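*Asks:* So that we are looking at the same thing, I have put the structure below in structure tokens.
Number of protein chains: 2
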Amino acid sequence: MDTKTKLISAAEQLFDRHGFTATGMDKLTKAAGMSSRTLYKHAGSKTALITEVLKERHRRFQPHIEVGSVDALFDALEEWIRSESARGCLFLRAYGETGGDIPAITEAVLAHKARLYDKIQDIVAIENDEQEMPELAEQILILYEGATAAAIYRGPGAVVSAHKAALALLKQARS
Amino acid sequence: MDTKTKLISAAEQLFDRHGFTATGMDKLTKAAGMSSRTLYKHAGSKTALITEVLKERHRRFQPHIEVGSVDALFDALEEWIRSESARGCLFLRAYGETGGDIPAITEAVLAHKARLYDKIQDIVAIENDEQEMPELAEQILILYEGATAAAIYRGPGAVVSAHKAALALLKQARS
DNA sequence: AGCAGTGTAAAACGATCATTTTACATCGTC
DNA sequence: GACGATGTAAAATGATCGTTTTACACTGCT
Numbered sequence: 078m079d080t081k082t083k084l085i086s087a088a089e090q091l092f093d094r095h096g097f098t099a100t101g102m103d104k105l106t107k108a109a110g111m112s113s114r115t116l117y118k119h120a121g122s123k124t125a126l127i128t129e130v131l132k133e134r135h136r137r138f139q140p141h142i143e144v145g146s147v148d149a150l151f152d153a154l155e156e157w158i159r160s161e162s163a164r165g166c167l168f169l170r171a172y173g174e175t176g177g178d179i180p181a182i183t184e185a186v187l188a189h190k191a192r193l194y195d196k197i198q199d200i201v202a203i204e205n206d207e208q209e210m211p212e213l214a215e216q217i218l219i220l221y222e223g224a225t226a227a228a229i230y231r232g233p234g235a236v237v238s239a240h241k242a243a244l245a246l247l248k249q250a251r252s
Numbered sequence: 078m079d080t081k082t083k084l085i086s087a088a089e090q091l092f093d094r095h096g097f098t099a100t101g102m103d104k105l106t107k108a109a110g111m112s113s114r115t116l117y118k119h120a121g122s123k124t125a126l127i128t129e130v131l132k133e134r135h136r137r138f139q140p141h142i143e144v145g146s147v148d149a150l151f152d153a154l155e156e157w158i159r160s161e162s163a164r165g166c167l168f169l170r171a172y173g174e175t176g177g178d179i180p181a182i183t184e185a186v187l188a189h190k191a192r193l194y195d196k197i198q199d200i201v202a203i204e205n206d207e208q209e210m211p212e213l214a215e216q217i218l219i220l221y222e223g224a225t226a227a228a229i230y231r232g233p234g235a236v237v238s239a240h241k242a243a244l245a246l247l248k249q250a251r252s
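Protein chains in written order, with my numbering: chain D, 78 to 252; chain U, 78 to 252.
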């Protein structure tokens, strides 16, 4: 594992576990096993590091939304939440901690969410004879987002409930 | 408006706008129009201040869940988000920023969420001949949570979509 | 052999953090 | 008219923040 990969993954873990602002550079260097000089050579700044962590997170998350059905979408979410984290959406957390005041971060967050909505719209269209159904897509998105949030305090079962609700809405839209 | 009220409401605004950790005590004293000595006399510590802000937030939010129907629940949420904040759930944000490591804060968050779920379960029971329907209640909760989160980047329209989805699930459960 | 690249360890930077302290002003009340 | 409560302004506390710097070691290429 090269230096940068090690840095990004250590940072992702710490940010997810303790928050962005609360995680200091000393803890990052220690966790990544490198000097602060090396860290700054690769990351440039803390803001840039956060941005890169979000972009890497998006890359790693991508396969979980690259699916062909609503059923598979929630299966993938359940797997993610069971294995990765039940600490809420890291993108929205970054947005909240920075108040939307840091353009690079805000951009990464909004890009991720735009991509998520677009992908869900694609999936919904596949399930409905290629018809665009923007509101149904938004409702699936809301269930997806809500399951991620509710899983923090209700556990992975929230994803199962959201899953069933999504299938029910889909079925109803078809008839 | 007495000193403490002024402090709590200034703090709530700053925390909501800029995040908890990123909001320093100097900004709090300035916004609340008081010296740091007075602030500490009333709040005790930053952690205690955050906790009190959350409790006050819950008190102010309470009426929006003290309703008798799912329809009214989402109407109230829409009103809250349109007039108060579309920056996500302040409780979950506090939890995320502190990593769940500060007991007083974690407690306030979990108490709020437990109360929210219980209330939704009551409402769902009212709508279904006093039958307890835990999974439907969780699905409504997830739509509620998801609308709050999605409204950050999709605007208040997300609440409208969630509202319709909730009514659809309710209708389907009845038949 | 020499050089560019990549790394470490550790100190120093000025700023800002949460919190406490010192010194003083203004109250209403007994 | 003294007193306790409640406030202010401002400096000081020591810790920690993100970032830069200094000085040095190891590597692989040419």
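Ideal placement from N, C-alpha and C gives every residue a C-beta, glycine not left out.
Just so you know, these numbers come straight off a predicted model, no measurement behind them.
Closer than 7 Å by beta-carbon distance: list the chain D residues that pair up with A69 (chain U), in chain order.
*Replies:* Given that chain U is displayed from residue 78 to residue 252, the structure contains no residue 69 (chain U) and the question cannot be resolved.
*Asks:* Taking all protein chains shown into account, decide if T82 (chain D) is buried (16 or more other Cβ within 10 angstroms of its Cβ) or exposed.
*Replies:* Exposed: under 16 other Cβ atoms inside 10 Å.
*Asks:* Under the rule that 16 or more other beta-carbon atoms within 10 Å means buried, what is K248 (chain U), buried or exposed?
*Replies:* exposed
*Asks:* Let me check understanding here. Comparing Cα to Cα, which of D:L213, D:Q208, D:K241 lies closest to A224 (chain D)?
*Replies:* Answer by Cα proximity: D:K241.
*Asks:* Starting from P211 (chain U) and walking both ways along the alpha helix (DSSP H), at which residues does that stretch end?
*Replies:* Start and end: 211–231.
*Asks:* What separation, rounded to the nearest whole angstrom, lies between the Cα atoms of K132 (chain U) and Q90 (chain U)?
*Replies:* 14 Å
*Asks:* Can you grab the Cα-Cα spacing for the pair A109 (chain U) / A88 (chain U), in whole Å?
*Replies:* 7 Å
*Asks:* Judging by CA-CA distance, which residue of U:F151, U:V186, U:E209, U:A202 is the nearest neighbour of E32 (chain U)?
*Replies:* Only positions 78 to 252 of chain U appear in the structure, and residue 32 (chain U) is not among them; the question remains open.
*Asks:* Throw me the rounded Cβ distance for the Y194 (chain D) and K190 (chain U) pair, which I believe falls under 8 Å.
*Replies:* Actually they do not touch by this definition, with Cβ atoms about 26 Å apart.
*Asks:* Are there 16 or more other CB atoms within 10 angstroms of the CB of D178 (chain U), so buried, or fewer, so exposed?
*Replies:* exposed
*Asks:* Quick check on I85 (chain U) - is its C-beta less than 8 Å from some C-beta in chain D?
*Replies:* No, because no Cβ of chain D sits closer than 8 Å to the Cβ of I85 (chain U).
*Asks:* Near M102 (chain D), what residues of its chain come up, given a Cβ to Cβ distance below 8 Å and the 5 sequence neighbours on each side ignored?
*Replies:* Closer than 8 Å at the Cβ level, and outside the excluded window around M102 (chain D), lie S113, L116, K123.
*Asks:* Using a Cβ cut-off of 8 Å (strictly closer), state whether I67 (chain D) contacts chain U.
*Replies:* This structure cannot speak to residue 67 (chain D), because chain D is shown only from 78 to 252.
*Asks:* Can you give the Cα-Cα distance for D152 (chain U) and R136 (chain D), rounded to whole angstroms?
*Replies:* 37 Å
*Asks:* What are the boundary residues of the alpha helix (DSSP H) that includes E156 (chain D)?
*Replies:* 147–160
*Asks:* How about A171 (chain U) and I158 (chain U): are their beta carbons less than 8 Å apart?
*Replies:* Result no, Cβ atoms of A171 (chain U) and I158 (chain U) do not sit closer than 8 Å.
*Asks:* Assign E207 (chain U) to one of two classes, buried (16 or more other C-beta atoms within 10 Å of its C-beta) or exposed (fewer than that).
*Replies:* Here E207 (chain U) is exposed, its C-beta having fewer than 16 other C-beta atoms within 10 Å.
*Asks:* If G145 (chain U) sits next to I200 (chain U), beta carbons under 8 Å apart, how far is it from one beta carbon to the other, in whole angstroms?
*Replies:* 7 Å
*Asks:* Would you mind giving the Cβ-Cβ distance between A163 (chain D) and A228 (chain D), rounded to the nearest angstrom? I have them listed as a contact below 8 Å.
*Replies:* 5 Å
*Asks:* What residues from the segment 92–107 of chain D come within 7 Å of chain U, judged by C-beta to C-beta, listed N to C?
*Replies:* R94, H95, G96, T98, A99
*Asks:* For chain D, find out if any of its Cβ atoms is closer than 8 Å to the Cβ of L37 (chain U); answer yes or no.
*Replies:* Residue numbering for chain U in the displayed model covers 78 to 252; residue 37 (chain U) lies beyond these limits and cannot be assessed.
*Asks:* On the CB-based measure, 16 or more other CB atoms within 10 Å of its CB, does S160 (chain U) come out buried or exposed?
*Replies:* exposed
*Asks:* Start and end of the alpha helix (DSSP H) containing R251 (chain U)?
*Replies:* Where R251 (chain U) is concerned, the enclosing alpha helix (DSSP H) stretches over 234–251.
*Asks:* In three-state DSSP terms, what is M102 (chain U)?
*Replies:* helix
*Asks:* Taking only the alpha-carbon atoms, compute the straight-line gap between L154 (chain U) and H141 (chain U) and give it to the nearest angstrom.
*Replies:* 7 Å
*Asks:* Grouping DSSP H, G and I as helix and E and B as strand, with all else coil, what is S86 (chain U)?
*Replies:* When secondary structure is reduced to three states using DSSP, S86 (chain U) falls in the helix class.
*Asks:* Of the residues D:A245, D:Q198, D:F97, which one's Cα is nearest the Cα of L126 (chain D)?
*Replies:* D:F97
*Asks:* What residue range is occupied by the uninterrupted alpha helix (DSSP H) comprising I182 (chain D)?
*Replies:* 180–204 is the extent of the alpha helix (DSSP H) around I182 (chain D).
*Asks:* Which bits of chain U does K190 (chain D) rub up against, with CB to CB less than 9 Å?
*Replies:* What K190 (chain D) touches in chain U: A227, I229, Y230, R231.
*Asks:* A235 (chain D) to I219 (chain U), Cα distance in whole Å?
*Replies:* When the Cα atoms are used, A235 (chain D) and I219 (chain U) turn out to be separated by approximately 7 Å.
*Asks:* Grab me the residues of L213 (chain U)'s own chain with a C-beta within less than 6 Å of its C-beta, minus the 5 sequence neighbours each way, in chain order.
*Replies:* V201, A250
*Asks:* Going by C-alpha distance, which of U:E215, U:D79, U:G232 is nearest G232 (chain D)?
*Replies:* It is U:E215 whose Cα lies nearest to the Cα of G232 (chain D).
*Asks:* Could you name the residues of the segment 108–142 of chain U whose beta carbon sits closer than 7 Å to any beta carbon of chain D, in the order they occur along the chain?
*Replies:* none
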